[in-house]
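Asks: Structure provided below as structure tokens; questions to follow.
Protein chains: 2
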Amino acid sequence: MTYTEKLLGLRKKMKEQQIDAYIIPSSDPHISEYLPDRFKCIAFASGFTGSAGTLVITEDFAGLWTDARYFVQANEQLKDSGFQLVKLKNQGKPEYIEWLSDSLTAGNKVAFDGKLASVSIAKHLIAELQPSKILIDGTVDLLDEIWTDRPGLPNNEAYLLDEKTVGAAISEKIAKVRDIMLKAGAKYHLISSLDDIAWLFNIRGNDVKCNPVVLSFALLSDKEVTLFIDQEKLQPHDQEKLKKAGVHIAAYDQLVDSLAKLPVGGSVLIDPKRTCYAVYTQIPQYENTIEGLNPTTRLKAIKNTTEAEHIRQTMVKDGVALTRFFKWLEENISQTTLTELSITDKLLQFRQQQEGFVNESFDTIAGYLAHGALPHYKATDQSNATLASKGLLLIDSGGQYRTGTTDITRVISLGELTDAERVDYTLVLKGMIEGSTTTYPKGSRGYQIDAITRKPLWDRLRNYGHGTGHGVGFFLNVHEGPHVFNTANIDIEIEEGMVTSIEPGLYREGRYGIRIENLVLSIADQETDFGEFMAFETLTLCYIDTQLVDKTLLDQKHIDWLNSYNNMVYERISPLLEVEEQQWLAEKTAII
Amino acid sequence: MTYTEKLLGLRKKMKEQQIDAYIIPSSDPHISEYLPDRFKCIAFASGFTGSAGTLVITEDFAGLWTDARYFVQANEQLKDSGFQLVKLKNQGKPEYIEWLSDSLTAGNKVAFDGKLASVSIAKHLIAELQPSKILIDGTVDLLDEIWTDRPGLPNNEAYLLDEKTVGAAISEKIAKVRDIMLKAGAKYHLISSLDDIAWLFNIRGNDVKCNPVVLSFALLSDKEVTLFIDQEKLQPHDQEKLKKAGVHIAAYDQLVDSLAKLPVGGSVLIDPKRTCYAVYTQIPQYENTIEGLNPTTRLKAIKNTTEAEHIRQTMVKDGVALTRFFKWLEENISQTTLTELSITDKLLQFRQQQEGFVNESFDTIAGYLAHGALPHYKATDQSNATLASKGLLLIDSGGQYRTGTTDITRVISLGELTDAERVDYTLVLKGMIEGSTTTYPKGSRGYQIDAITRKPLWDRLRNYGHGTGHGVGFFLNVHEGPHVFNTANIDIEIEEGMVTSIEPGLYREGRYGIRIENLVLSIADQETDFGEFMAFETLTLCYIDTQLVDKTLLDQKHIDWLNSYNNMVYERISPLLEVEEQQWLAEKTAII
Chain A
16 MTYTEKLLGL RKKMKEQQID AYIIPSSDPH ISEYLPDRFK CIAFASGFTG SAGTLVITED
76 FAGLWTDARY FVQANEQLKD SGFQLVKLKN QGKPEYIEWL SDSLTAGNKV AFDGKLASVS
136 IAKHLIAELQ PSKILIDGTV DLLDEIWTDR PGLPNNEAYL LDEKTVGAAI SEKIAKVRDI
196 MLKAGAKYHL ISSLDDIAWL FNIRGNDVKC NPVVLSFALL SDKEVTLFID QEKLQPHDQE
256 KLKKAGVHIA AYDQLVDSLA KLPVGGSVLI DPKRTCYAVY TQIPQYENTI EGLNPTTRLK
316 AIKNTTEAEH IRQTMVKDGV ALTRFFKWLE ENISQTTLTE LSITDKLLQF RQQQEGFVNE
376 SFDTIAGYLA HGALPHYKAT DQSNATLASK GLLLIDSGGQ YRTGTTDITR VISLGELTDA
436 ERVDYTLVLK GMIEGSTTTY PKGSRGYQID AITRKPLWDR LRNYGHGTGH GVGFFLNVHE
496 GPHVFNTANI DIEIEEGMVT SIEPGLYREG RYGIRIENLV LSIADQETDF GEFMAFETLT
556 LCYIDTQLVD KTLLDQKHID WLNSYNNMVY ERISPLLEVE EQQWLAEKTA II
Chain L
16 MTYTEKLLGL RKKMKEQQID AYIIPSSDPH ISEYLPDRFK CIAFASGFTG SAGTLVITED
76 FAGLWTDARY FVQANEQLKD SGFQLVKLKN QGKPEYIEWL SDSLTAGNKV AFDGKLASVS
136 IAKHLIAELQ PSKILIDGTV DLLDEIWTDR PGLPNNEAYL LDEKTVGAAI SEKIAKVRDI
196 MLKAGAKYHL ISSLDDIAWL FNIRGNDVKC NPVVLSFALL SDKEVTLFID QEKLQPHDQE
256 KLKKAGVHIA AYDQLVDSLA KLPVGGSVLI DPKRTCYAVY TQIPQYENTI EGLNPTTRLK
316 AIKNTTEAEH IRQTMVKDGV ALTRFFKWLE ENISQTTLTE LSITDKLLQF RQQQEGFVNE
376 SFDTIAGYLA HGALPHYKAT DQSNATLASK GLLLIDSGGQ YRTGTTDITR VISLGELTDA
436 ERVDYTLVLK GMIEGSTTTY PKGSRGYQID AITRKPLWDR LRNYGHGTGH GVGFFLNVHE
496 GPHVFNTANI DIEIEEGMVT SIEPGLYREG RYGIRIENLV LSIADQETDF GEFMAFETLT
556 LCYIDTQLVD KTLLDQKHID WLNSYNNMVY ERISPLLEVE EQQWLAEKTA II
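For the protein sequence lines, the chains are A and L, in the order given.
Residues in the first sequence are numbered consecutively from 16, following the numbering used here.
Residues in the second sequence are numbered consecutively from 16, following the numbering used here.
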């Protein structure tokens with residue numbers, strides 16, 4: 016079936032059901048960022064494979080709303096699909112709702128599948144359209160009927176991590192969450208977000224690519240806690256462990272029944288951004304739920320000392336794999352034909368050699384020359400560039416290890432280097448160093464770290480269009496909240512134990528992209544007359560290429576940091592390398 | 016009447032009227048920061064004269080809620096008043112409402128004078144207390160009955176500024192405001208805030224100390240505009256001018272009638288933070304008003320080129336006065352007895368010699384030694400310190416000129432200087448330079464400038480407890496919104512034409528305080544591949560003392576900026592000085 020045939024099929028169904036506009040969001044019943052195949056609805060309907068977007072179909076219009084990261088990709092993928100690209104002005108804002116409000120009139124009907132829309136989005140839609148007497152139906156899955164070979168729900172194995180790995184017992188975590196739930200005035204708490212559930216039950220799975228989570232829901236009361244999961248995914252000993260921790264296990268699809276049985280007026284705490292509308296509306300008197308951040312989200316972000324120590328060890332392994340990869344790349348670039356895709360495979364192989372490695376934490380971005388200027392580039396068979404002995408190569412990659420999640424970006428030069436490239440690289444590096452080395456008062460917010468990181472670029476009238484950093488899970492999602500380092504006015508305190516990326520960049524359209532990214536751990540620094548201060552401990556261990564540095568643009572403190580960082584990388588990684596590899600790394604980390 | 020007698024009197028009235036808790040906010044019917052004497056209710060009732068605070072009285076408790084700036088002062092002033100200091104955790108947050116919620120029970124009655132509470136505060140109070148069935152009465156002025164010699168409303172002269180001074184006609188401004196009003200879906204717009212009204216009608220007055228405003232309200236519809244003002248304040252020719260601009264003039268106390276006559280359901284735009292509850296509740300169906308920032312607030316903040324040019328000229332005058340003052344101070348410190356109060360008078364005299372000077376823009380802060388560490392210190396007869404030839408003196412002062420408002424802080428050393436003082440001074444200066452010289456993408460927010468300004472202090476584990484900068488009016492209030500440079504997540508864009516202070520500081524309790532403050536104008540910088548950039552033009556013209564600088568803590572760019580700034584000060588100011596003064600200033604501004 017071609018995309019235009021699918022569109023035709025959808026419009027036929029719309030007509031039959033008197034639907035004037037149909038919305039297909041990019042989500043799943045757990046409001047995930049990375050989706051199981053069953054929920055890749057936008058790709059099925061339009062061919063667009065970006066991680067963020069919304070389709071809206073009316074009788075005479077079909078559009079994909081997505082943001083600047085995906086304009087180039089969307090334009091290509093939507094060719095002949097019948098869908099047009101609508102460029103979002105603000106990333107993440109549901110601007111299609113405004114469009115619907117302008118395009119529809121009283122009596123028109125809008126429909127969507129409530130399993131794919133968060134409570135926030137659905138409520139926003141209702142608030143905007145209902146006053147104009149537009150009907151809204153959140154229970155319509157039109158895709159299911161035309162998607163004949165639609166994949167089922169994933170049913171991969173899941174398993175528990177032991178307490179030695181994660182540093183906290185399930186019962187201990189449940190007690191903390193319950194405490195926050197009760198303080199919020201709630202008697203029940205429903206968790207839909209898979210990484211929150213994974214954290215709470217020390218459980219991991221393979222249901223979503225790159226994210227070691229398992230399809231499930233969790234429902235807590237002041238006395239009970241139930242995990243809704245396909246029981247077959249769990250080995251008997253893991254089921255036993257959960258039961259011992261006081262966790263009831265119920266079938267995944269039993270949630271709806273359990274919600275329906277909740278007492279009317281029994282206040283339920285939900286996170287409207289991490290709960291889907293279909294599940295939400297199963298709660299009796301759902302309009303009286305208590306809305307707030309899932310308590311697990313903040314608790315999960317604050318890594319305990321066991322997790323932090325495991326992450327440090329994981330970084331050594333990841334650093335070894337990366338060192339071998341970059342050495343191999345340097346030695347083979349002029350010997351054989353290498354492409355963006357082939358080096359991506361090779362990098363994966365090096366990581367796979369490391370003990371505890373599970374899989375990639377996201378799709379590797381290997382962007383050569385102009386491809387590097389697309390911050391979310393993913394090489395395809397069509398785009399796959401062949402590397403030559405010149406120009407900049409950007410590699411943003413990460414691994415899921417049983418003991419931590421990594422995410423690192425490095426840029427190297429494959430040959431000659433221009434002064435302009437050197438300047439851009441050095442300014443990005445300077446920003447990364449400024450952000451990583453800053454001390455900041457306890458209570459600071461991500462937007463403050465963001466501004467400090469950008470300053471060296473701003474000073475030279477440069478900037479980058481993405482955030483400076485995101486939270487990273489512990490052997491969990493590579494993007495996690497609640498904190499973030501970006502320009503937005505997000506009022507979340509940076510707390511001790513949070514792991515965040517610092518990844519300034521600089522993109523020259525059609526020429527090259529630069530991004531340098533390390534993960535950092537928020538730690539306590541000194542207390543002075545001026546209050547408690549915090550700092551960052553850099554976790555990532557992989558040499559930063561000094562060949563691209565223009566020393567005249569750095570202050571001595573930046574040069575000192577760079578030398579000391581590279582020296583630390585050598586000290587920690589070299590014991591695990593062969594002699595020849597050690598020599599190679601010693602050269603790369605030589606002081607400048 | 017002593018304060019305890021007043022408290023006794025208030026409690027008697029409370030008992031008579033069955034009031035369990037009485038709230039006295041620090042405000043007036045225009046939600047002003049600086050109050051006419053008639054509304055200095057907190058000072059009358061408790062003796063506390065700080066600019067921010069709230070009194071709450073119950074049968075067995077009487078407290079003043081205020082923030083850290085005023086702890087020392089409040090402790091002193093509340094002695095034997097019957098009131099206790101309650102320390103606010105968050106400046107500006109109405110934490111007393113939480114206290115009321117905890118202390119009162121169903122059936123209790125809370126009362127306040129709705130003329131002294133903003134709509135926001137009143138609504139917050141109602142939202143927090145009403146669910147607990149606590150009764151709320153916002154129409155009770157208990158003070159009036161016991162305040163026998165309460166001052167009347169001020170009735171000072173008012174006048175219009177001509178278009179040559181302010182660069183825009185009244186009718187032009189009205190058209191802009193009306194346009195925003197209509198776009199917001201409102202048919203009417205009520206303005207209560209005095210500086211917004213002063214801007215809109217190009218009117219100035221003398222009703223509030225330091226703020227050249229006049230007591231008034233304004234009501235706009237799509238066709239009409241009415242200024243509610245005591246007509247006698249205006250000369251006939253100014254009344255004529257207003258009428259020509261299409262402005263109806265009505266008596267100040269006629270507002271209530273006019274509001275009552277508004278059509279039911281005629282949507283009224285109000286700013287809930289700048290409108291008092293008593294006036295608000297006069298609007299028919301007031302619960303259906305449209306709430307938003309007063310359009311005047313943003314328009315007023317963006318200075319036009321005429322205003323900007325007048326401010327530049329005003330800074331020269333202020334700089335001359337300040338230069339003469341600092342020269343006089345240096346020459347007289349060891350000759351005569353000088354005190355914080357006597358030098359404050361002298362500084363005023365130097366400013367008064369300048370053409371167009373009207374009065375101070377706020378109470379001068381002349382803080383010698385430990386007094387400098389109190390950011391909002393105001394010398395009193397009791398505290399007034401005598402200056403000696405040693406230690407640091409902080410002077411934060413400003414003037415209202417017919418052509419602009421100034422606000423400047425400098426710190427000088429009266430004698431020997433310690434290394435620690437030098438380090439602190441230099442770090443504050445470094446922060447001021449970093450903030451003032453940064454370029455920033457169009458669309459940046461104040462919290463980003465704040466972080467950049469604080470960074471040099473954070474680097475040495477120092478910080479300051481106040482914001483980095485506030486908006487400044489054009490011959491209007493020295494504090495104006497909507498923008499602000501501070502750590503809070505306030506989502507207001509910095510726009511071209513905004514005037515803001517940059518004033519980092521550092522306070523060593525019991526020893527000294529440092530703050531260096533200039534006003535800056537936001538201007539367009541270059542547009543590059545990375546978007547449009549903006550920068551600051553420093554407006555303030557007064558030498559920065561280089562004797563206190565530890566050059567080793569500065570980068571060359573900071574030293575270059577300092578030399579270039581001091582040189583600019585000399586170039587602009589010296590033509591207006593006597594030869595001897597020129598020589599003195601030349602020494603002060605010599606390059607380092």
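C-beta: ideal position from N, C-alpha, C; glycine also.
Should N492/A and D210/A be called a contact, given that it needs their Cβ atoms to be closer than 7 Å?
Replies: Yes, the Cβ-Cβ distance between N492/A and D210/A is below 7 Å.
Asks: Output yes or no for whether 7 Å exceeds the beta carbon distance between T69/L and P40/L.
Replies: Yes, the pair counts as a contact, with Cβ atoms nearer than the cut-off.
Asks: If the cut-off is 9 Å on Cβ atoms, which residues from the segment 454-471 of chain A count as contacting chain L, listed in chain order?
Replies: Those would be T454, Y455, P456, G458, S459, R460, Y462, Q463, I464, D465, A466, I467, R469 and K470, in chain order.
Asks: Is there contact between the segment 518-526 of chain L and the segment 312-322 of chain L, where contact requires at least three CB pairs shorter than 8 Å?
Replies: Flag = no, the segment 518-526 of chain L and the segment 312-322 of chain L do not touch.
Asks: For the segment 277-294 of chain A and the segment 121-136 of chain A, state whether three or more C-beta atom pairs, one from each stretch, are separated by less than 8 Å.
Replies: In short, these stretches touch, since the Cβ pair count reaches three.
Asks: Please state the DSSP three-state secondary structure of H481/L.
Replies: Coil at H481/L, not helix or strand.
Asks: Give a yes or no on whether 7 Å exceeds the smallest Cβ distance from T567/A to chain L.
Replies: Closer than 7 Å: no.
Asks: Whole-angstrom Cβ separation of I607/A and T561/A, contact assumed at under 8 Å?
Replies: Contact flag correct, Cβ pair sits at about 5 Å.
Asks: Which stretch, first to last residue, makes up the alpha helix (DSSP H) that contains Q571/A?
Replies: From DSSP, the alpha helix (DSSP H) with Q571/A extends over Q571 to I588.
Asks: Helix, strand or coil, according to DSSP, for C225/L in the structure here?
Replies: Reduced to three states, the DSSP call for C225/L is coil.
Asks: Buried or exposed: which applies to A201/A, given that a residue is buried once 16 or more other Cβ atoms fall within 10 Å of its Cβ?
Replies: With 16 or more Cβ atoms within 10 Å of its Cβ, A201/A is classed as buried.
Asks: Flag this pair as touching only if the segment 328-346 of chain A and the segment 593-604 of chain A have three or more C-beta atom pairs under 8 Å; answer yes or no.
Replies: In short, these stretches touch, since the Cβ pair count reaches three.
Asks: Determine the direct distance from the alpha carbon of K124/L to that of P146/L, and round the result to whole angstroms.
Replies: Looking at the two C-alpha atoms, the distance is approximately 13 Å.
Asks: Of all the CB atoms in chain A, is at least one closer than 7 Å to the CB of R219/L?
Replies: It does not; no Cβ of chain A falls within 7 Å.
Asks: Give the secondary structure of L384/L by DSSP, where H, G and I count as helix, E and B as strand, and everything else as coil.
Replies: Helix.
Asks: Between D43/A and the rest of its own chain, which residues show a CB-CB distance below 6 Å, the 5 nearest in sequence each way excluded?
Replies: Result list for D43/A: L50 and F54, in chain order.
Asks: Since I72/L and L25/L are thought to touch, with beta carbons under 8 Å apart, how far apart are those beta carbons, to the nearest angstrom?
Replies: The pair is a contact, with the Cβ atoms about 6 Å apart (cut-off 8 Å).
Asks: List the whole-angstrom C-beta distance separating T515/A from G484/A, where the pair is believed to meet the contact cut-off of C-beta under 8 Å.
Replies: The pair is a contact, with the Cβ atoms about 5 Å apart (cut-off 8 Å).
Asks: Work out the CA separation of A265/L and L223/L for me, nearest whole Å.
Replies: Strictly speaking, residue 223/L in this sequence is Val, with Leu absent from that position. Their backbone Cα atoms lie some 21 Å apart in a straight line.
Asks: For Q598/L, which three-state DSSP category applies?
Replies: Q598/L: helix per DSSP, three-state reduction.
Asks: Which residue spans inside the segment 68-100 of chain L form an unbroken alpha helix (DSSP H) run of at least 4?
Replies: Fully enclosed alpha helix (DSSP H) runs of 4 or longer: 86-92.
Asks: Would you say I448/A touches the ligand HEM, meaning its beta carbon is less than 6 Å from a heavy atom?
Replies: The ligand content of the structure shown is nil, which means the ligand HEM is not present either.
Asks: Grab me the residues of M608/L's own chain with a C-beta within less than 7 Å of its C-beta, minus the 5 sequence neighbours each way, in chain order.
Replies: No statement about residue 608/L is possible, as the shown extent of chain L runs from 16 to 607 and does not include it.
Asks: Where do the ends of the alpha helix (DSSP H) carrying A466/A lie?
Replies: G461 to W473 is the extent of the alpha helix (DSSP H) around A466/A.
Asks: Nearest CA to the CA of A173/A: which residue from G281/A, L402/A and A213/A?
Replies: Measuring from the Cα of A173/A, the nearest candidate turns out to be A213/A.
Asks: Taking only beta-carbon atoms, is Q571/L less than 7 Å away from chain A?
Replies: No - not a single Cβ of chain A is within 7 Å of the one on Q571/L.
Asks: Once you ignore the five residues that flank V192/L on each side, which residues in its own chain have a CB closer than 8 Å to its CB?
Replies: Result list for V192/L: H204, L215, L235, P310, T311 and L314, in chain order.
Asks: In chain A, which residues lie less than 9 Å from I505/L when you measure between Cβ atoms?
Replies: Neighbours of I505/L on chain A, chain order: N504.
Asks: Where do the N-terminal and C-terminal ends of the beta strand (DSSP E) with R219/A fall, by residue?
Replies: From DSSP, the beta strand (DSSP E) with R219/A extends over I218 to G220.
Asks: Counting only the same chain and skipping the five closest in sequence on each side, list residues whose C-beta sits under 8 Å from that of T19/A.
Replies: D95, S96 and G97.
Asks: What's the gap between the Cα of D152/A and the Cα of I206/A?
Replies: The alpha-carbon atoms of D152/A and I206/A are separated by roughly 24 Å.
Asks: Just grab the DSSP bridge partners of L409/L for me.
Replies: Its beta-bridge partners are G382/L and V426/L.
Asks: For Q463/L, does the count of other Cβ atoms within 10 angstroms reach 16, so buried, or fall short, so exposed?
Replies: With 16 or more Cβ atoms within 10 Å of its Cβ, Q463/L is classed as buried.
Asks: Would C557/A and L362/A be called neighbours here (beta carbons separated by less than 7 Å)?
Replies: No, they are not a contact pair.
Asks: Going by beta carbon distance, what residues of the same chain come within less than 7 Å of F63/A, once the five residues before and after it are set aside?
Replies: These residues qualify, in order along the chain: I57, L79, A89, Q92 and L93.
Asks: Between the Cα of E370/L and the Cα atoms of I531/L, E113/L and T418/L, which residue gives the shortest distance?
Replies: Of I531/L, E113/L and T418/L, the residue nearest in Cα terms is T418/L.
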